[in-house]
Amino acid sequence: MAILKLYSSSVTACTRRTATVLHELKIPFELIEVDVLSGAHKTPEFLKFQPFGQVPYIDDDGFILYESRAICRYVAAKHPHSGLIPTDPKAIALFEQATSIELTNFEPSAGKAGLPFYLKKLGWRDDLEDVPANLEILDKKLDAYEVILSKQRYLAGDTLTLADLFHLPYAGFVSLGSDIMTRPNRPNVARWYNELVARPAWLAYQDGVKTTTEY
Amino acid sequence: MVLKFYASPFPVAGGGIVALALAEKQAAFDFVPIDLKTKEQKTAEYMALNPFGKVPAINDDGFVMYESRAICRYVDEKFAGQGTTLVPKGTKERALVEQAVSVESMTLFPPLDKVVWEVVVKPERGLAPDQAIVGKGLKEISDTLDVYEGILGKHRYLAGDDFTLADLVHCGYLPFLVEKGVDIMTAKERPNVARWWNELMSRPTWVKLQAEGMKSTV
Chain L
1 MAILKLYSSS VTACTRRTAT VLHELKIPFE LIEVDVLSGA HKTPEFLKFQ PFGQVPYIDD
61 DGFILYESRA ICRYVAAKHP HSGLIPTDPK AIALFEQATS IELTNFEPSA GKAGLPFYLK
121 KLGWRDDLED VPANLEILDK KLDAYEVILS KQRYLAGDTL TLADLFHLPY AGFVSLGSDI
181 MTRPNRPNVA RWYNELVARP AWLAYQDGVK TTTEY
Chain Z
1 MVLKFYASPF PVAGGGIVAL ALAEKQAAFD FVPIDLKTKE QKTAEYMALN PFGKVPAIND
61 DGFVMYESRA ICRYVDEKFA GQGTTLVPKG TKERALVEQA VSVESMTLFP PLDKVVWEVV
121 VKPERGLAPD QAIVGKGLKE ISDTLDVYEG ILGKHRYLAG DDFTLADLVH CGYLPFLVEK
181 GVDIMTAKER PNVARWWNEL MSRPTWVKLQ AEGMKSTV
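Quick note, the sequences are listed as chains L and Z, same order.
Residues in the first sequence are numbered consecutively from 1, following UniProt numbering.
Residues in the second sequence are numbered consecutively from 1, following UniProt numbering.
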């Protein structure tokens, strides 16, 4: 069976998300670099696999899949013992609630605040104009997170799931320019955040995602 | 105790897609209207159900959850033996549904949300739409629908040949545009999208929901 191929830039947010989960699951993968700065993801050859012209996509022994969260769900489903997706019916529902919280209540503002900090760090673009307004929105959302995380250790319950890991790229990027994730008035958010960014799977690709065949 | 379903009384947006999912699953529920005009969703009582202060939410005999797409998944699992299967069980089939649901959330919905705010919400508050935002948003939506055109040329629905959650989630916000006279879903240049959209809008569950509104089944 062929090694899982991850087609992407080595540094983009959604690739970091995907690679973090692959690392958590100890899945060997080959990174095939797509040069997004020169528009390699918009060529007809690329669009045949990912018609929206976005990275990443995977080729798992011939099965093509895109959308980082869908990829993460697929690989976690193949490794049910990991617990990254629960199996008990109510736990699954709370997991789905948590993944939806991430994409509707976290990503919009954390992405718009975090990505500019990250792109500036990469030297790709220096434009922080949208950041303050989005930090303000994120600040209010994190107050709700504080309520949730004061009752349970992780976003879906007391065990780590994909829902927590999905936050990593943008939570990490926001912290490049703001202390919003670790303020003393939200001790539970800080506790949860600090645990996430200390995970080896996140730290492994700080300088970019690379082919990983051994763990 | 029967499932309690909290939402705005209009069969639109997040509440609308949960109502549609409940109908697809032939599920019994008790509808509890939440008045957005008086900001009932921001009261302490409601926020005990959803700390983000948004509708919809459910209370299924003490099991509380929110986030419309998550509620649809829960309803699909709970009533697995009846109605339409919204998320298939096979690993690859399920992955393709998740792929399509992710496209809706991450690529289609953000500009759609902005356009709906401008052309629906602002006029309700006596404010004029910002045409620059509307124009930019519609272009982004149109570009995404161009990709859908290719996908829907290969199979009947977004994730394959069966109606799934991936199609259902599109019924929340796109109808707002159609109601405002934006014909983006039935543009002649995208016959596959038009075919798919017309199929969605003529699903008996959808037609009944729009005609009768949000109603308890009990």
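C-beta atoms are modelled at their ideal positions from N, C-alpha and C, and glycine is treated no differently.
None of these values were measured; they are calculated from a predicted model.
| Check | Outcome |
| --- | --- |
| If you follow the beta strand (DSSP E) that Y57/L is in, where does it begin and where does it stop? | Y57 to D60 |
| If you reduce the DSSP assignment to three classes, tell me which class I3/L lands in. | coil |
| On the DSSP bridge assignment, give the partners of F166/L in chain order. | None; F166/L has no bridge partner. |
| Taking any Cβ of chain Z, which residues in the segment 95 to 117 of chain L have a Cβ under 9 Å from it, in chain order? | F95, E96, Q97, A98, T99, S100, I101, L103, T104, N105, E107 and P108 |
| Under a CB-based cut-off of 7 Å, is Y74/L close to chain Z? | yes |
| Hey, I34/Z and Y46/Z are a contact pair by Cβ (cut 8 Å); roughly how many whole angstroms apart? | 6 Å |
| Please say whether G81/Z and Q26/Z have beta carbons closer to each other than 7 Å? | no |
| How far does the beta strand (DSSP E) with F117/L in it extend, from its first residue to its last? | Taken as a continuous stretch (DSSP letters only), F117/L belongs to no beta strand (DSSP E), being part of the alpha helix (DSSP H) at E107 to L122. |
| With a threshold of 7 Å between beta carbons, is P88/Z in contact with chain L? | no |
| With 7 Å as the threshold, decide whether the Cβ of E24/L is near any Cβ in chain Z. | no |
| List the whole-angstrom C-beta distance separating R69/L from F166/L, where the pair is believed to meet the contact cut-off of C-beta under 8 Å. | 6 Å |
| Check distances from the C-beta atoms of the segment 125 to 150 of chain Z to those of chain L and list, in chain order, the residues that come in under 8 Å. | T144, V147 and G150 |
| Which chain Z residues are close to F52/L, counting only those with a beta carbon under 8 Å from its beta carbon? | V103, T107, T144 and V147 |
| Just reading off the beta strand (DSSP E) that D30/Z is part of, what are its end residues? | F29 to P33 |
| Which same chain residues, not among the five before or five after K122/Z, have their C-beta less than 6 Å away from its C-beta? | P129 |
| Run through chain Z and tell me which residues come within less than 7 Å of F63/L, C-beta to C-beta. | K92 |
| Can you list, in chain order, the residues of its chain with a C-beta nearer than 7 Å to that of S10/L? Leave out the 5 residues immediately preceding and following it. | L31, E33, G208, V209 and K210 |
| Counting beta carbon pairs with one atom in the segment 144 to 151 of chain Z and one in the segment 176 to 191 of chain Z, are three or more of them shorter than 8 Å? | yes |
| By Cβ distance, which residues of its chain are closer than 8 Å to L152/Z, with the 5 residues on each side in sequence left out? | L158, N192, V193, R195 and W196 |
| Against A144/L, what residues of chain Z qualify as contacts under a CB-to-CB distance less than 7 Å, listed in chain order? | P51 and F52 |
| So, K112/L versus N134/L, is the Cβ gap smaller than 7 Å? | yes |
| Would you call the segment 135 to 150 of chain L in contact with the segment 76 to 95 of chain L, where contact means no fewer than 3 C-beta pairs closer than 8 Å? | no |
| List the residues that DSSP assigns as beta-bridge partners of residue 223/L. | As shown, chain L starts at 1 and ends at 215. That puts residue 223/L outside it, with no answer to give. |
| Identify every residue that forms a DSSP beta bridge with D35/L. | Partner(s): none; D35/L has no beta bridge. |
| Return the chain-ordered list of same chain residues with a C-beta closer than 6 Å to the C-beta of I3/L, the five sequence neighbours on each side being excluded. | P28 and E30 |
| Apply the 10 Å Cβ neighbour rule to E179/Z and answer buried if 16 or more other Cβ atoms are within range, or exposed otherwise. | exposed |
| Sorted by chain position, which residues of the same chain lie with C-beta nearer than 6 Å to residue 229/L's C-beta, five sequence neighbours on each side aside? | Here chain L has residues from 1 to 215 only, and residue 229/L is not among them. |
| Closer than 7 Å by beta-carbon distance: list the chain L residues that pair up with K13/Z, in chain order. | For the sequence presented, residue 13/Z should be read as Ala rather than Lys. Those within 7 Å of A13/Z in chain L number zero; the least Cβ separation is about 12 Å. |
| What are the boundary residues of the beta strand (DSSP E) that L86/Z is part of? | From DSSP, L86/Z is part of no beta strand (DSSP E); its letter is neither H nor E. |
| Going residue by residue through the segment 68 to 149 of chain Z, where are the continuous alpha helix (DSSP H) segments of at least 4 residues, counting only ones entirely within it? | 68 to 78, 91 to 103 and 109 to 116 |
| Of all the residues that make up the segment 160 to 187 of chain L, which are near chain Z by a beta-carbon distance shorter than 9 Å? | none |
| Can you grab the Cα-Cα spacing for the pair A95/Z / V101/Z, in whole Å? | 10 Å |
| Could you give the residue range of the alpha helix (DSSP H) that holds N185/L? | Element bounds for N185/L: n/a, residue is neither H nor E. |
| For a quick check, are the C-beta atoms of A19/Z and P9/Z less than 7 Å apart? | no |
| From this set, A166/Z, T186/Z and L165/Z, which residue's C-alpha is nearest P175/Z's C-alpha? | T186/Z |
| So with Cβ pairs under 7 Å, would you call A19/L a contact of chain Z? | no |
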